[in-house]
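Engineer:
Chains as they are written, first to last, in the working numbering: chain X, 1 to 1001; chain S, 1002 to 1419.
1. From residue 467 of chain X to residue 547 of chain X, what distance separates their C-alpha atoms?
2. Could you work out which residues of chain X lie near residue 1106 of chain S, taking near to mean beta carbons separated by less than 9 Å?
3. Please name the residue or residues paired with residue 1280 of chain S in a DSSP beta bridge.
4. Going by other Cβ atoms of all chains shown within 10 Å of its Cβ, with 16 needed for buried, is residue 1031 of chain S buried or exposed?
5. When DSSP labels each residue in this structure, what does residue 948 of chain X get in the three-state scheme?
6. Which of helix, strand or coil does DSSP assign to residue 1002 of chain X?
7. Restricting to Cα atoms, I'd like to know which of X:213, X:247, X:322, X:796 is closest to residue 388 of chain X.
8. Closer than 8 Å, Cβ to Cβ, to anything on chain S: give me those residues from the region 60-89 of chain X, in chain order.
9. Near residue 1060 of chain S, which residues of its chain fall below 6 Å by C-beta distance, leaving aside the five closest residues on each side in sequence?
10. By the criterion of Cβ-Cβ separation under 9 Å, what are the contact partners of residue 1262 of chain S in chain X?
11. So, helix, strand or coil for residue 731 of chain X, using DSSP?
12. Consult DSSP for residue 250 of chain X and reduce its assignment to one of helix, strand or coil.
13. In this structure, how does DSSP classify residue 1073 of chain S when only helix, strand and coil are distinguished?
14. Does residue 1298 of chain S get closer than 8 Å to chain X when you measure Cβ to Cβ?
15. Can you name the residues of chain S whose CB is closer than 8 Å to the CB of residue 101 of chain X?
16. Does the beta carbon of residue 1289 of chain S come closer than 8 Å to any beta carbon on chain X?
17. With DSSP as the reference, identify every bridge partner of residue 418 of chain X, one or two as the case may be.
18. Count the other C-beta atoms from every protein chain shown that fall within 10 angstroms of the C-beta of residue 1055 of chain S, then say buried if there are 16 or more, exposed otherwise.
19. Can you pull the chain S neighbours of residue 975 of chain X, defined as C-beta to C-beta under 8 Å?
20. When the Cα of residue 1127 of chain S is compared with those of S:1109, S:1100, S:1171, S:1093, which residue comes out closest?
21. Tell whether a beta-carbon distance below 8 Å holds between residue 882 of chain X and residue 960 of chain X.
22. Does the count of Cβ pairs from the region 768-782 of chain X and the region 646-662 of chain X closer than 8 Å reach three?
23. Please classify residue 1380 of chain S: is it buried, with 16 or more other beta-carbons within 10 angstroms of its beta-carbon, or exposed?
24. So which of S:1208, S:1200, S:1415, S:1192 has the shortest CA-CA distance to residue 1111 of chain S?
25. Give a yes or no on whether the C-beta atoms belonging to residue 568 of chain X and residue 291 of chain X are separated by under 8 Å.
26. Please confirm whether residue 148 of chain X has its beta-carbon closer than 8 Å to some beta-carbon of chain S.
27. Excluding sequence positions up to five away, which residues of its chain have a Cβ less than 6 Å from the Cβ of residue 831 of chain X?
28. Less than 8 Å between CB atoms is the rule here; does residue 193 of chain X satisfy it with respect to chain S?
29. Any C-beta of chain S sitting closer than 8 Å to the C-beta of residue 354 of chain X?
30. Taking just the CA atoms, how far does residue 1308 of chain S sit from residue 1336 of chain S?
31. If you draw a straight line from the alpha carbon of residue 104 of chain X to that of residue 98 of chain X, how long is it in whole angstroms?
32. Excluding the five sequence neighbours on either side, which residues of its own chain have a C-beta within less than 6 Å of the C-beta of residue 438 of chain X, listed in chain order?
33. Nearest to residue 507 of chain X by alpha carbon, out of X:427, X:351, X:527?
34. Would you report the Cα separation of residue 667 of chain X and residue 813 of chain X, rounded to the nearest angstrom?
35. Could you say which of X:924, X:469, X:653 lies nearest to residue 869 of chain X if we only look at CA atoms?
36. Can you tell me which of X:442, X:515, X:207, X:626 puts its alpha carbon nearest to the alpha carbon of residue 400 of chain X?
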């Protein structure tokens, strides 16, 4: 191949020269070029190297089916590996480099693998590298080299500087593909008033019409249809947009390449935009891809899909070579040959069929195309590019019947028929049907009410047929949409010379073999993955006969081109070998995406901080302003500790916890889940969902409650207050708020539909602050007005309403820390106002804020369970909470909690551990009896640990087998991972003030 | 059948690779077998192989509706690990790991077991504590585990997001160095070939349509290729377990769900290990061919269709970018789905059933691949000896009745855990 730019023609702007580079070399590029056409116009023959044998590869096609021309596009942080040159629009400043080659693509050392290719036969890696040694080391040693050799492009380890956008769109009709059929469909539906989205992956509308000569009749038609569509505000036209996936419920995924045709995105535009389209109807008019013929050295630069040579000539004004051989088995190549001859090439049409129809023969002869019928190319000659084709007479199966003759040429065009692009259809509906008449897989349209297919995709052949199929499918969607077609006439269907299609009289040959049924040299089925005909043959011999086995064993069709040109060839060869028909041999299911999609595009804005919502307390800013170190608690951020000076976490929490026990502290507990339980049956609902009884709770009181899952394990705990006769205020742990609400909703909507109750999340509506410490009451008596809170008037588990700083609040008396404690509930909007008022009022009492770490220390000292203990596998008894369970009523989990394993007395139960020595234990350590081997699952595990300021000791909570009966026993506490082995004594988990004198003060 | 080796590859190359023999035969079903295994995925084939190899039961057929290895064996993300904490799981998965380590040699087929290690990232102190407990159980059971802090993780995996804009900061990770990946198709093929060499008949394109009963016992299967009598029938049909059990009148604590998997275009080496994101359900590794293999959570609805929807695609890829921002410009090549037999505690069944003659291997959730060798080994044991091996003793159907849920997540009875 020695491509060059023709002096005239092409849909390019010859006045605009673009700076486009490949491996540092400047290319001759104009606006309207693709990178591939610019490469070809500049005579770049070798643009890539093969995956396995590193053979020289040139441009093979002019579209998404390209197996060869993959490059690195742009550089540095915008580097994009595996960019397909045939669909990359040329832009000023384009930098591209070759990939998978060293030192460069022209002279690649990796090509030596070609010499040992017989030993790299299909599946050789399954049969070797096993080694005589045991274990995996030998293989992993070899694998290191394989991994380095594999892969194609290079990924970067730096952040992507570009942004991506997402649109949720709705329409009546989505038309995919703006070729003749798609344009007709869009115009028909658009004129009828349907809300249409028309999607085209190319940067121009027209599809294969763009490959027709410029200013011909087809251009006239195209201009008129485009103008007609432009007049319709109800038709949204998306060019540079690929419909990559079809999903259930008529959802389609599109990627709009907003800025990929620019050096970098401009004016704050995203690089790409992901459209998630929900449509009522779809017309798929995705066209067809030309199928190759397989012969020796069919991967040499200069071997191309026949129609793509036509595309380069007519659309880009680039002739791939001077002497062109077109090897075909169908009529579609006649037009190609004639137009190439008209463009000035010396063209020989080698037709596999014994006779070319007279009309065609006459036209070909008139155009000066030499025709050889009953013949085919059996082998391309040349080392780095095609220099000749070896042509043999063949029988109807593609086997040589005579000697090969050499014909010098620089390009060999191939056409083995066409494959409709059934990908989107198949993603959704599975396997397509084989249509014998056109020798191709087509959509099986029966019973698909919302998806229609049109044009070449259903093997419509002539331009007239394609246009009509677009119109008629659009009309049938209009019926479903209850719209009437407009009477306005469409532009007259243009006449095109040699508009034959491929189906009529198509020959059924796929691969050209010699008289012994052997291909000559390396004959590739899948050019991108270097899968040869002989590989298919070997796979067959070894029993990998199902298409799925064939695909996986040979890797045919699994490269980035997803086998667009190769799948059917592999199938056909397998059918031939097994003596079955192609439909009997089967086909694989196509998977999304149609062409590879940038991960960033589907992520859109959902990255960095926006990956997941962050929940903040309404007092969050105060914590930050006052030096709190924040920590993650599920989706929430909570103050972990408030270091003073150079304090580290340990110093800070010890100081904070000590302060609470000595004076008074305040902690923001707004993250607690809060649920309004309202309705006449609210008490009954609580009675069912909690293990304890709720019927006796009076207005003005609150109660601690425990919930089980249906399977009898503890799910959550918290306090619920009775605000009114039918009005309860439930609190849950921070972690389980959503779970409790979901379970409540689920039960109320399924099992308990008789209960008149509403549950509503009010977590965000209420802030909550716990004030704990011996001076808590004194402080609140000062700060709160409108309520009496003396010990007698407001004992534990009661609440009052009053005002703090002119804001109405509710004050619950309840203790988690074990100190005299209250919780202040404030509407969120007034949270900071009340919080700062409390801090101010607290100055006189030395009130200090404390964080979650100190709160943890305080609750561990009290033996209160939290997340580490309520870990989804513990029972009421395990946690010492069995006393709460009512025996008088059923509740969620009451039946299954009695299962033998849950009731087993040998289970692990909650205990305290008094650690011996100065070193504290770490949560997750295992517990073993003294003098027992430290192996297996242990006799228990440490759930929570702290250095107890109140006791001046390292303590822990743990779950230990039969723990309740082992008080006073010494055990080993072992952290194998961090080489720590401690001794501890099992004690009651209620380390501090077990009688509760302090909280009842 | 020829033995595979570098020498056999060399010798065959000299004769144009024209003398390779079939990897497995394509036999017609015999009228009866000692054991019929339904499902020629990894688990079914492994069961047949170990029945023959370990227990001398060679008169075995594995029957398959489609093509061997065409279900979840050929659709998973190929991760192999043994980091299980719950009694009942720990030693079972470790048995699997040990079998993996010499599986290529055992099968004379390179299943490409690659112990590249696996990191489970932790994103809060609480997750670090939970990881420590898991790691300690592993160590105490002779399984390798390490706990790394943020600094160490950053040194080892510098390309993850440690910036202040990471939504979930990395606090550390638990690491199993013996974990890694295997070539999933090769596992099915390797077991098929090895079982075939032991005389096992692998009968593809043969769908079970019902059971042959005798006095309340199952004594064979009705198939699309005729009746096949069997001394014992074992089910190893993953997402179709509920369906096959229903034919026998059994209702199981299993739901079938869709799980998607994803692969990028092939790239030069980028990720040299397996990484699990602890803040979302997501993991990534890189195949030998160069594609990044991504996995995420269930789509969340019951289905037998092997395709999923866009919401989970978006979420999984968002997790990928959250973990490793540089994947943004890399391209997703393909995504597909398999149907998972989700049990109600995330753990499997390898057990006799209440029906004499019927044995069950299922409930693998989305974690069956790593279990393949031990699953086959223990199922073969259970079938041959009429009682479970101690490593699968707890994988019974009655465990829910007894309250012995093997719940690694502590998530409770939901069909979305493993």
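For glycine and all other residues, C-beta sits at the position ideal for the given N, C-alpha and C. All of these numbers come straight from a predicted model, not from anything done at the bench.
Structural biologist: By the coordinates alone:
1. 35 Å
2. 130, 131, 132, 133, 134, 135
3. Note: residue 1280 of chain S sits in no beta bridge, so no partner.
4. exposed
5. strand
6. This structure leaves residue 1002 of chain X out entirely; chain X is present only between 1 and 1001.
7. X:322
8. 78, 79, 80, 81, 82
9. 1034, 1035
10. None at all; the shortest Cβ gap to chain X is about 10 Å.
11. Residue state, collapsed to three classes: strand.
12. Note: residue 250 of chain X maps to helix in three-state DSSP.
13. In this structure, residue 1073 of chain S counts as helix in the three-state DSSP scheme.
14. Under the Cβ criterion of 8 Å, residue 1298 of chain S is not counted among the residues facing chain X.
15. Under the 8 Å cutoff, chain S gives no residues; its nearest Cβ is about 12 Å from residue 101 of chain X.
16. yes
17. X:290
18. exposed
19. 1133, 1137
20. S:1171
21. no
22. yes
23. buried
24. S:1192
25. Yes.
26. yes
27. 618, 619, 767
28. no
29. No, residue 354 of chain X does not count as interfacial toward chain S.
30. 9 Å
31. 7 Å
32. 459, 503
33. It is X:351 whose Cα lies nearest to the Cα of residue 507 of chain X.
34. 15 Å
35. X:924
36. X:515
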